[in-house]
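Undergrad:
2 protein chains.
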Amino acid sequence: MKASKPHLLIVEDDEVIRSVYTQYLTEAGLSVTEASTGAEARTYLASEHHDLVILDLGLPNEDGLDLIREIRKRANTPIVIVSGRSDPIERVVGLEAGADDFLVKPFLNRELLARVRAVLRRRGWEQPSGATANGVPTSGVTTFQGWRLDLPARRLESPIGDTVHVTTAEFQVLAELARRMPEPVSRRDLLALVHQREWSPADRSIDIHISNLRRKIEVDPKVPRIIIGVRNVGYALAP
Amino acid sequence: MKASKPHLLIVEDDEVIRSVYTQYLTEAGLSVTEASTGAEARTYLASEHHDLVILDLGLPNEDGLDLIREIRKRANTPIVIVSGRSDPIERVVGLEAGADDFLVKPFLNRELLARVRAVLRRRGWEQPSGATANGVPTSGVTTFQGWRLDLPARRLESPIGDTVHVTTAEFQVLAELARRMPEPVSRRDLLALVHQREWSPADRSIDIHISNLRRKIEVDPKVPRIIIGVRNVGYALAP
DNA sequence: GCCCTATGTGGCAAAATGTTAAATCTTGTA
DNA sequence: TACAAGATTTAACATTTTGCCACATAGGGC
Chain F
7 MKASKPHLLI
17 VEDDEVIRSV
27 YTQYLTEAGL
37 SVTEASTGAE
47 ARTYLASEHH
57 DLVILDLGLP
67 NEDGLDLIRE
77 IRKRANTPIV
87 IVSGRSDPIE
97 RVVGLEAGAD
107 DFLVKPFLNR
117 ELLARVRAVL
127 RRRGWEQPSG
137 ATANGVPTSG
147 VTTFQGWRLD
157 LPARRLESPI
167 GDTVHVTTAE
177 FQVLAELARR
187 MPEPVSRRDL
197 LALVHQREWS
207 PADRSIDIHI
217 SNLRRKIEVD
227 PKVPRIIIGV
237 RNVGYALAP
Chain B
7 MKASKPHLLI
17 VEDDEVIRSV
27 YTQYLTEAGL
37 SVTEASTGAE
47 ARTYLASEHH
57 DLVILDLGLP
67 NEDGLDLIRE
77 IRKRANTPIV
87 IVSGRSDPIE
97 RVVGLEAGAD
107 DFLVKPFLNR
117 ELLARVRAVL
127 RRRGWEQPSG
137 ATANGVPTSG
147 VTTFQGWRLD
157 LPARRLESPI
167 GDTVHVTTAE
177 FQVLAELARR
187 MPEPVSRRDL
197 LALVHQREWS
207 PADRSIDIHI
217 SNLRRKIEVD
227 PKVPRIIIGV
237 RNVGYALAP
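If you read the sequences in order, they're chains F and B. Mapping to my numbering: the first sequence position 86 is 92, numbers consecutive. Mapping to my numbering: the second sequence position 196 is 202, numbers consecutive.
1) Are the CB atoms of residue 119 of chain F and residue 57 of chain F nearer to each other than 9 Å?
2) At a CB-CB cut-off below 8 Å, which residues of chain B make contact with residue 224 of chain F?
3) 9 Å is my cut-off, CB to CB: does residue 7 of chain B come that close to chain F?
4) Please report the distance separating the alpha-carbon of residue 165 of chain F from that of residue 243 of chain F.
5) Would DSSP call residue 148 of chain F helix, strand or coil?
6) Could you say which of F/222, F/218 and F/193 lies nearest to residue 208 of chain F if we only look at CA atoms?
7) Between the alpha carbons of residue 237 of chain F and residue 185 of chain F, how many angstroms are there, rounded?
8) Taking only beta-carbon positions, decide if residue 190 of chain B is within less than 9 Å of chain F.
9) Enumerated in chain order, which unbroken segments of the alpha helix (DSSP H) with a length of 4 residues or greater are wholly contained in the stretch 166-200 of chain F?
10) Whose C-alpha, out of F/123, F/241, F/230 and F/90, is nearest the C-alpha of residue 31 of chain F?
11) With distances taken between CB atoms, is the gap from residue 117 of chain B to residue 126 of chain B smaller than 9 Å?
12) Around the C-beta of residue 45 of chain B, are 16 or more other C-beta atoms found within 10 angstroms, so that it is buried, or is it exposed?
13) If we cut at 9 Å on Cβ distances, does residue 245 of chain F have a partner in chain B?
14) Check whether the Cβ atoms of residue 86 of chain B and residue 113 of chain B lie closer than 9 Å to each other.
15) Could you tell me the alpha carbon to alpha carbon distance between residue 50 of chain F and residue 26 of chain F, rounded to whole angstroms?
16) Any idea what DSSP makes of residue 155 of chain B, helix, strand or coil?
17) Can you find the residues in the same chain that come closer than 8 Å, C-beta to C-beta, to residue 64 of chain F, ignoring five residues on each side of it along the sequence?
18) Mind pulling the chain B residues with CB within less than 8 Å of residue 186 of chain F?
19) What three-state label does DSSP hand residue 240 of chain B in the structure shown?
20) CA-CA distance, residue 144 of chain B and residue 157 of chain B?
21) Using the beta-carbon of each residue, which ones in chain F are nearer than 8 Å to residue 83 of chain B?
22) Under a Cβ-count criterion, where at least 16 other Cβ atoms within 10 Å of its own Cβ denotes burial, should residue 216 of chain B be classed as buried or exposed?
23) Hey, how far is the Cα of residue 205 of chain B from the Cα of residue 36 of chain B?
24) Name, going along the chain, the residues of the stretch 93-109 of chain B whose beta-carbon falls closer than 9 Å to a beta-carbon of chain F.
25) On a Cα-Cα basis, can you pick out the residue from F/203, F/107 and F/147 that is closest to residue 101 of chain B?
26) Note down, in chain order, each residue of its chain lying with its Cβ closer than 6 Å to the Cβ of residue 97 of chain F, except the 5 sequence neighbours on either side.
27) So, does the CB of residue 88 of chain F fall closer than 9 Å to a CB anywhere in chain B?
28) Which partner residues of residue 39 of chain F appear in the DSSP bridge assignment?
29) If you draw a straight line from the alpha carbon of residue 246 of chain B to that of residue 240 of chain F, how long is it in whole angstroms?
30) Could you tell me the distance, in whole angstroms, from the CA atom of residue 161 of chain B to the CA atom of residue 178 of chain B?
31) Taking the alpha carbon of residue 181 of chain B as the reference point, which residue from B/167, B/200 and B/224 has its own alpha carbon closest?
32) Report the three-state DSSP secondary structure of residue 69 of chain B (helix, strand or coil).
33) If the cut-off is 9 Å on Cβ atoms, which residues from the stretch 109-128 of chain F count as contacting chain B, listed in chain order?
34) Strictly below 8 Å CB to CB, what residues from chain B border residue 237 of chain F?
35) Less than 8 Å between the CB atoms is what I'm expecting for residue 150 of chain F and residue 232 of chain F, so what's the real figure, rounded?
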């Protein structure tokens, strides 16, 4: 199963509110980065990956909608807006700008968590516990180009039904690429997944795993069509 | 981008409200099936595919949460709940049961539509506007002078059908020229696309890419007929 | 025609990526 | 503990892509 936690970016200028969110969500098993201004948020957005962004629309000296568009321009990161104003039109505008959900303050921490989880669920994150009592692991299997990646069973199945053996590291790399498909994933993120270690520009181990994976799943490893290298960024799974 | 319309199932016992939803969403370009009871909903769920279900929690003789779990058991169809009660706990329970969003009546039709679209967007349905992922427009195939530029596949095809290999930077330059055809595009704009770096008048890298592109696609690179240089402005693609 | 600027292009050098092979580490087992 | 098999990392080298310099050519104003 997935080893690491979903990583959130919280953009909220009020320090008290921000720390309340952070504490509650951290206790719920999520990892959090905090930003208090639009500028700070941009710095984090440029330097690390986030599985979801919680954004306060009422930042001082900042148009929250612009920030949404910037996030969408870079990647398809899910966004949950929180706002102090209860104007329905503002909600429509926020959602149409690309947000995934919109909460009006005040709200229960539980509702924030429930809505964040609902969005993450759609992005391939397992429900932490209990709630998926209906036992159908539809969210545990991803497919790409006819291949089936069975997360719970840790199995990779080819388009013709054969089970292809992959090592642990290879599987984790592939699973992360699949989860974020079609966005590219940085070598740094991929390495952090397979081994708790810092990444240096000279570290080629991810490239080796990619190379080995390609030999196993690409029709012609010389012309990769499934695992695409993105220069200066990392690797992506073609949709 | 998918071709046909998203198909919705609306489960709502109040006939007036139901027809209001149906009319509004149909006019917005969605196709709709209506169900007034849980039993009717089950029939439709068993016999046709839905891209999203709008479910009223307050059905008579029916526990809406059970219906949610049944839907989740069959498939991973997105669910948007609407409810007359404004109890926050009910929202949390609904979302944790597997719903993707939760609206409390009364609400604007526009907000329902915006939330439905936000969920569909996550499921891969394109918004009307030309969203971009990775800086390259995700929609469509452009053609110029017999050449085919396949944006999603990142492929360039010659008039006789051969695939011509182009590098990432070359492809992005060509894609932008194609998008703005036949208007000329400045070097500054083009450079901003391939690499977020400032442009100085001495920067010739765009010229190099143009030169390399011409060698690949022009009949006679000495007399360019496809990529036209516009003095003091930039480059344009001939229509 | 002359001069200044803009553009076209060949030729490296630097940086990033793909790949092979050897070294190192892990894990299961006797 | 020692061994063997497999997994992972390191090292080294090949290849691709990109940036930049230098020089040639062309345009336009005087």
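All residues carry an ideal CB built from backbone N, CA and C; glycine is no exception. In this text the structure is predicted, and so the values were computed from the model without any measurement.
TA: So, to answer that:
1) Along the first sequence, one-based indexing puts residue 119 of chain F at 113. Along the first sequence, one-based indexing puts residue 57 of chain F at 51. No, they are not a contact pair.
2) On the first sequence, position 218 is the one that residue 224 of chain F refers to. By Cβ distance, chain B contributes nothing, its closest Cβ being about 16 Å from residue 224 of chain F, past 8 Å.
3) To locate residue 7 of chain B, count along the second sequence from 1; it is residue 1. Note that residue 7 of chain B scores 47 on pLDDT, short of 50, meaning its location in the model is unreliable; the coordinates nonetheless yield the value given after this. At least 9 Å separates the CB of residue 7 of chain B from every CB of chain F.
4) Counted from its first residue, the first sequence places residue 165 of chain F at position 159. Counted from its first residue, the first sequence places residue 243 of chain F at position 237. Residue 165 of chain F and residue 243 of chain F have their alpha carbons spaced roughly 16 Å apart.
5) In the first sequence, the residue the question calls residue 148 of chain F occupies position 142. Strand.
6) The residue you call residue 208 of chain F lines up with position 202 of the first sequence. Among F/222, F/218 and F/193, the Cα nearest to that of residue 208 of chain F is on F/193.
7) As a position in the first sequence, residue 237 of chain F is number 231, starting the count at 1. As a position in the first sequence, residue 185 of chain F is number 179, starting the count at 1. If I take the Cα positions, the gap works out to 20 Å.
8) Locating residue 190 of chain B in the second sequence gives position 184, counting from the first residue. For residue 190 of chain B, the nearest beta carbon of chain F is not closer than 9 Å to its own beta carbon.
9) Qualifying alpha helix (DSSP H) stretches, in chain order: 174-186 and 193-200.
10) Position 25 of the first sequence, counted from the first residue, corresponds to residue 31 of chain F. Looking at the Cα atoms, F/123 is the closest of the given residues.
11) Taking the first residue of the second sequence as 1, we reach residue 117 of chain B at position 111. Taking the first residue of the second sequence as 1, we reach residue 126 of chain B at position 120. 9 Å or more divides the Cβ of residue 117 of chain B from the Cβ of residue 126 of chain B.
12) Numbered from 1 along the second sequence, position 39 holds the residue referred to as residue 45 of chain B. Exposed, since its Cβ has fewer than 16 Cβ neighbours within 10 Å.
13) As a working note, residue 245 of chain F is residue 239 in the first sequence. Residue-level contact check: residue 245 of chain F touches chain B, since one or more beta carbons of chain B fall below 9 Å from its beta carbon.
14) Against the second sequence, residue 86 of chain B aligns to sequence position 80. Against the second sequence, residue 113 of chain B aligns to sequence position 107. No; because the gap between Cβ atoms is not below 9 Å, this pair is not in contact.
15) As a working mapping, residue 50 of chain F is identified with position 44 in the first sequence. As a working mapping, residue 26 of chain F is identified with position 20 in the first sequence. Taking the straight line from one Cα to the other gives about 20 Å.
16) Counted from its first residue, the second sequence places residue 155 of chain B at position 149. Note: residue 155 of chain B maps to strand in three-state DSSP.
17) Translated into positions along the first sequence, residue 64 of chain F becomes position 58. Excluding positions up to five away in sequence, the list reads 19, 70, 89, 90 and 91.
18) On the first sequence, residue 186 of chain F is found 180 positions in, with the first residue counted as 1. Neighbours of residue 186 of chain F on chain B: none; closest Cβ ~12 Å, over 8 Å.
19) Here residue 240 of chain B refers to the residue found at position 234 of the second sequence. The answer is strand: DSSP assigns residue 240 of chain B an E or B state.
20) As a working note, residue 144 of chain B is residue 138 in the second sequence. As a working note, residue 157 of chain B is residue 151 in the second sequence. Per-residue confidence for residue 144 of chain B stands at a pLDDT of 45, beneath the threshold of 50, marking its modelled position as unreliable; no derived number is given.
21) Here the question's residue 83 of chain B lines up with position 77 in the second sequence. Listed by position along chain F, the residues whose Cβ is nearer than 8 Å to that of residue 83 of chain B form an empty set, because the closest Cβ is around 10 Å away.
22) As a first step, residue 216 of chain B is located in the second sequence; it is residue number 210 there, counting from the start. Counting C-beta atoms within 10 angstroms of its own C-beta, residue 216 of chain B has 16 or more neighbours from the protein chains shown and is therefore classed as buried.
23) Numbered from 1 along the second sequence, position 199 holds the residue referred to as residue 205 of chain B. Numbered from 1 along the second sequence, position 30 holds the residue referred to as residue 36 of chain B. Rounded to the nearest angstrom, the gap between the Cα atoms of residue 205 of chain B and residue 36 of chain B is 45 Å.
24) When CB distances to chain F are screened at a threshold of 9 Å, the residues of the stretch 93-109 of chain B falling below it are 94, 95, 97, 98, 99, 100, 101, 102, 103, 104, 105, 106, 107 and 108, in chain order.
25) Locating residue 101 of chain B in the second sequence gives position 95, counting from the first residue. Ranking the options by Cα distance to residue 101 of chain B, first place goes to F/107.
26) As a working mapping, residue 97 of chain F is identified with position 91 in the first sequence. Taking residue 97 of chain F as the centre and dropping the five residues before and after it, the same chain places the C-beta of 108 closer than 6 Å to its C-beta, in chain order.
27) Here residue 88 of chain F is taken as the residue at index 82 of the first sequence, counted from 1. Proximity of residue 88 of chain F to chain B, defined by a Cβ-Cβ separation below 9 Å, is not satisfied.
28) Locating residue 39 of chain F in the first sequence gives position 33, counting from the first residue. Under DSSP, residue 39 of chain F forms a beta bridge with F/15.
29) Absent from the model: residue 246 of chain B. The displayed extent of chain B is 7 to 245, so no value can be given.
30) Here the question's residue 161 of chain B lines up with position 155 in the second sequence. Here the question's residue 178 of chain B lines up with position 172 in the second sequence. Going from the Cα of residue 161 of chain B to the Cα of residue 178 of chain B covers about 11 Å.
31) To locate residue 181 of chain B, count along the second sequence from 1; it is residue 175. When each option's Cα is compared against that of residue 181 of chain B, the closest is B/200.
32) By 1-based counting over the second sequence, the position of residue 69 of chain B is 63. DSSP, reduced to helix, strand and coil, places residue 69 of chain B outside both helices and strands of the structure shown, so it counts as coil.
33) Result list: 113, 114, 116, 117, 119, 120, 121, 123, 124, 125, 127 and 128.
34) Here the question's residue 237 of chain F lines up with position 231 in the first sequence. 174, listed in chain order.
35) As a working mapping, residue 150 of chain F is identified with position 144 in the first sequence. As a working mapping, residue 232 of chain F is identified with position 226 in the first sequence. Contact flag correct, Cβ pair sits at about 7 Å.
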